[in-house]
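With the sequence shown counted from 1, adding 38 to any position gets you my numbering.
Glycine included, every Cβ here is placed at the ideal spot set by N, Cα and C.
Here the structure is a predicted model, which is why all the values come from computation and not from measurement.
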Amino acid sequence: MNSDDRQRDLRAAEQQAHARIAAALARLVSPDAVSVPHPYLSRYLAHHAALGGALDDSHVPPGLLPWAIGDGVRGLLSLPHALHADRAWLTAWAAVEPYVQDADLASRCTSLHLAYTALRFPGVPRQRLPREAAEFAGSRLSVLWSQWTPPSNVLATLSRRSLSLATAEGPGGAELLAVGNEAGSIELIDPVTGAPVGDRIPAHDGDVRCLFFAAYSSGGGALVSGSTDGTVRVWDTTRGTLLDHRTFGERTWTSAVTGYHDDAGTLTVAAINGDGAVKLWRDHSEEHHLATLRPHPLERAAFALTLAVGPGGRQLLVGVGHTLSVWDGADHRLLREYPVGAPVRSLTDTTVPGWVATGHSDGSITLWDTTSGARATFPGEGEPVTALVALHVDGLDLLAAAGSGSTIDLWDMGARRRTGRLTGHTDTVTALRSFSADGTDRLASTARDNTVRLWDTGAIHRAIRGSATTPAVVAAAITADSVAGPQLAVSYATSQARVWNTLSGSSTGTFDDDSQRPSSALSWAQGDQGRHLLLWSASDHSIRSWDPVPGTAVGPPLRGHSRPIRALASTVACGGRRVVISSDDFTVRLWDLDGGRSLQLWRHPYTVRTVAAASDGVGADWFASGSADGAVRLWDTTDTAPRHVFYCSQGIINAVAINAGPSPSPPFLASGGDDGTVRLWDLSALEPIGEPLHGHTDAVEAITTWTTTSDVPRPFVASSSRDGTIRFWEVATTSRCILQLATGSPVHTLSAYPSGESTNTVVLAMAGEAGVAVLEVELEDPSPTG
């Protein structure tokens, strides 16, 4: 037996030993998550299973997952976290693990339960779920029905908004992802586990807008960063130390950076600033002013810079302003210059030697041969291409491009056409980077949703094939209609709009006969004899009504807005049924639904993001609107001026909800804004209630409130955020978060109603990019979660 055979046998024996250890330890885990496991189990069991090639639900039982504190389970699984029958619980935990690191046990169990049920049994109503999905010890929810698919490719969640990406090399030659953020710091992330590597580097005093890793041919390298503070800095990523520092000046910024090592190992750094000045320097030598590019006449500060490999492996430096300029990387001679059409917002080298690609302000992409000029132009859709990168996947030379939206377009360079679209980010994509893993290219992306995502070849091929995923939801609303049963109305991004029975999971009708654009706002209004009518926004900016019992439209449309509808809310007020509608035309209209007439027009100085309406049924009505100026306005039906203005100090107000009682709880309003807080306002005293509620790490997108029907009524608030969580707040006494539910993807709309006659449970509908789900959540314990 040779040495290689002996090594293989030793590795096999070691793997078998770890598998046996994991199997033995798994038998010590309690079948539920309520019992505290031994610390060794919670820290090392998953690690033993991974080393033993036995990472599955039998070797890492579900009851252990909420207690796991060792190696992150999601890091032990390879991205994307594919759902397999023997790993269903592990995959579910991987989907929510980044969002519940500091949550209490009930929140961790509840989040795991939701993810498992949603992933394993999509569309299956509660009465048909197997026991392990219908119930999970420690969880406070039941999934009534769901079409919710948490993303499987989130590598990491960030506390700061990222703006730039680069690959880098860390200690021991480990490949890392470097992420530059708007707070001026750089984070290093393990591209396998998503775990942070080392401390965050406090790199700049401004946004870190550009990153580039210049590698040595023999291994290692230096990370170059550029910022809006006008500086360029060079970092040793193995130690996190500063190697060099240059300043362009206080009145400009760094637009792009790049760099390379010559055969002698000397580093050359190149950078271009907002004035078009291109500067070079070698290690710690003096700067060399290479050129000042002319700005494009249509955009005075659009410049970019990259490296390309030319004939014979020659390094080329390529810069873009009014023209595309090509310099020899060795002697810095200007080789060629080509005119540019639309202003350039992004520039990248490609997988074809000597070719580069530019992304333009009009959404187009141009391929350039550095020896002959422009070769092809791909038409865009009007959004500026602000992120652009090339990758090679299974024989295909592709370009990945992103603009001001949340999607990533894939362009086939050979076929000269767009070949697919990657979806999953829930906010604007900010940076793209390709890197090689296991001999094939992967794509990394960051966005304003504060996530880093990885797209492997499987995801790219699914995008090229146009494989269907769970449809994104624009809006949803739920009601406990006593005649037709509990109803959930859903407006999908595909322009499909349906009503579902939340108990059976069956579709009861389609309310949208207008397929030009998905309905942006939904609300149920009380009808006759206990029935409810559905109100929905049409693409002609009107509000239509739909009766689910006959399944037909009723009454004339409510018309008056000249721009798309943003939000609507309805209530049974003292004077009859009322509907409040906000539009992008900077107005809010109040309608009498019984008479089909407009009662009032309220004008705003800024965009109105959200509205709310409520009545206590005995004489008090409230109508409120929240807008981009950070204020919530209360309105009176008899006046065009606000009855009162709450200056919330929360940034843009994205969500408001009104709780009108019942007594003894005073009526209050809840507001949520871009700063991630929830604030409560006393509607009788017209003053804040306590301090802002903190916990969310990103903007609050939706709020709903209700009062339980227990012996002592208690008001609650639920808020959802771009941070991928829903928080439940008991606001009668503690005003603290009592449950944190990780959804793994932002929830954009929330609606709720109390469940039962004498319980503290709520039926909650949530909707967003990952789909829609209806949950029954038990909220018995008002103690704080910490």
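Closest to residue i by C-alpha separation, out of the options, would be which residue?
i	options	result
Gly593	Arg627, Arg615, Gln139, Gly634	Gly634
Phe174	Asp70, Ser263, Gln139	Asp70
Pro188	Tyr137, Leu201, Gly210, Glu213	Tyr137
Ala153	Asp140, Ala756, Trp127	Trp127
Trp183	Ala106, Gly113, Leu196, Leu167	Leu167
Val617	Trp574, Pro602, Asp623, Leu102	Trp574
Leu777	Leu345, Ala51, Ala518, Gly176	Gly176
Gly379	Thr386, Thr389, Gly411	Gly411
Pro234	Gly257, Glu220, Thr275, Asp267	Thr275
Glu814	Gly806, Leu779, His786	Leu779
Gly806	Tyr791, Ser558, Ser783	Ser783
Ala811	Val347, Ala88, Ser180, Ala132	Ser180
Ala662	Val656, Ala501, Leu639	Leu639
Ala10	Pro422, Leu429, Thr396, Ala425	Nothing about residue 10 can be read from this structure; the chain reaches only from 39 to 824.
Ser474	Ala212, Gly462, Gly733, Gly161	Ala212
Asn692	Gly90, Arg65, Leu103, Gly710	Gly710
Val431	Thr404, Gly462, Ser472	Ser472
Trp319	Glu739, His283, Gln53	His283
His570	Thr548, Ser558, Ile516	Ile516
Leu817	Ala803, Met804, Gly809, Trp767	Trp767
Gly657	Gly668, Arg681, Val610	Val610
Gly733	Ala206, Ala723, Ser758	Ser758
If I measure Cβ to Cβ from residue i and keep anything under 8 Å in the same chain, skipping five residues before and after, which residues do I get?
i	result
Gly614	Asp630, Leu631, Asp632, Gly633
Val420	The amino acid occupying residue 420 in the given sequence is Gly; Val does not appear at that position. If we look at Gly420 and ignore the five residues flanking it on each side, its Cβ neighbours are Asp400, Gly401.
Asp703	Checking the displayed sequence, the identity of residue 703 turns out to be Ser instead of Asp. Within the same chain, Ser703 has close Cβ partners Asn697, Thr745, Pro751, Arg752, Pro753, Ala770.
Leu867	In the structure as shown, the chain begins at 39 and stops at 824. Residue 867 is therefore absent and cannot be evaluated.
Ala50	none
Leaving out five residues on either side along the sequence, give the residues of the same chain with a beta carbon under 7 Å from the beta carbon of residue i.
i	result
Glu337	Pro381, Ser399
Ile727	Phe706, Leu718, Trp719, Asp720
Ser580	Pro595, Leu596, Arg597
Arg125	Asp94, Asp95
Thr231	Gly110, Gly113
Tyr298	Ala252, Thr306, Leu345, Gln353, Gly367
Arg582	Trp574, Ala576, Ala591, Pro595
Ala607	Ser561, Val618, Val649, Ala650, Ala651
Gly208	Leu214, Leu226, Val235, Thr275, Thr276
Val394	Thr344, Ala346, Val356, Leu385, Thr386, Asp387, Thr388, Trp406, Thr408
Ala501	Leu448, Gly458, Arg459, Leu460
Under a Cβ-count criterion, where at least 16 other Cβ atoms within 10 Å of its own Cβ denotes burial, should residue i be classed as buried or exposed?
i	result
Ala62	exposed
Asp642	Contrary to the premise, residue 642 reads as His rather than Asp in this sequence. The residue in question, His642, is buried, as its Cβ has 16 or more Cβ neighbours within 10 Å.
Ser793	buried
Pro822	Residue placement at Pro822 cannot be trusted, given a pLDDT of 44 that sits under 50; what the coordinates show is reported in the next sentence. Under this definition Pro822 is an exposed residue.
Tyr530	buried
Arg383	buried
Gln185	buried
Asn40	exposed
Asp479	buried
Ala204	buried
Arg601	exposed
Val521	exposed
Thr540	buried
Val683	exposed
Val512	buried
Asp369	exposed
Using a Cβ-Cβ cut-off of 6 Å (strictly less than) and excluding sequence neighbours within five positions of residue i, which residues of its own chain qualify?
i	result
Trp538	Leu526, Ser545
Trp449	Phe416, Leu437, Arg456
Thr290	Gly268, Asn311, Gly312, Asp313
Val490	Leu193, Ala194, Thr484
Pro100	Trp127
Thr155	Ala171, Val181
Ala695	Ala650, Ala708, Ile741, Thr742, Thr743
If you measure from the CB of residue i, is any heavy atom of the ligand FMN nearer than 8 Å?
i	result
Gly664	What this structure holds is no ligand at all, so the ligand FMN is not there to describe.
Can you confirm whether the stretch 769-780 touches the stretch 540-550 when touching is taken to mean that 3 or more C-beta pairs between the two stretches lie within less than 8 Å?
no
Going residue by residue through the stretch 275-319, where are the continuous beta strand (DSSP E) segments of at least 3 residues, counting only ones entirely within it?
279-285, 292-299, 305-311
The stretch 743-761 in contact with the stretch 143-159 per 3-pair CB rule at 8 Å
no
With a threshold of 8 Å, are at least 3 pairs of Cβ atoms found where one atom belongs to the stretch 241-259 and the other to the stretch 208-223?
yes
Suppose only complete runs of 3+ residues qualify. What are the beta strand (DSSP E) ranges in the stretch 743-796, listed by chain order?
753-759, 763-768, 774-780, 785-793
Runs of beta strand (DSSP E) lying entirely within the stretch 330-378, each at least 3 residues, in chain order:
342-347, 353-358, 361-366, 372-377
In the stretch 159-184, which residue ranges form an unbroken beta strand (DSSP E) of at least 3 residues, counting only runs that do not cross its ends?
none
Please go through the stretch 580-668 and give each complete beta strand (DSSP E) segment of 3 or more residues, from N-terminal end onward.
581-585, 603-611, 614-621, 625-630, 635-641, 646-653, 659-665
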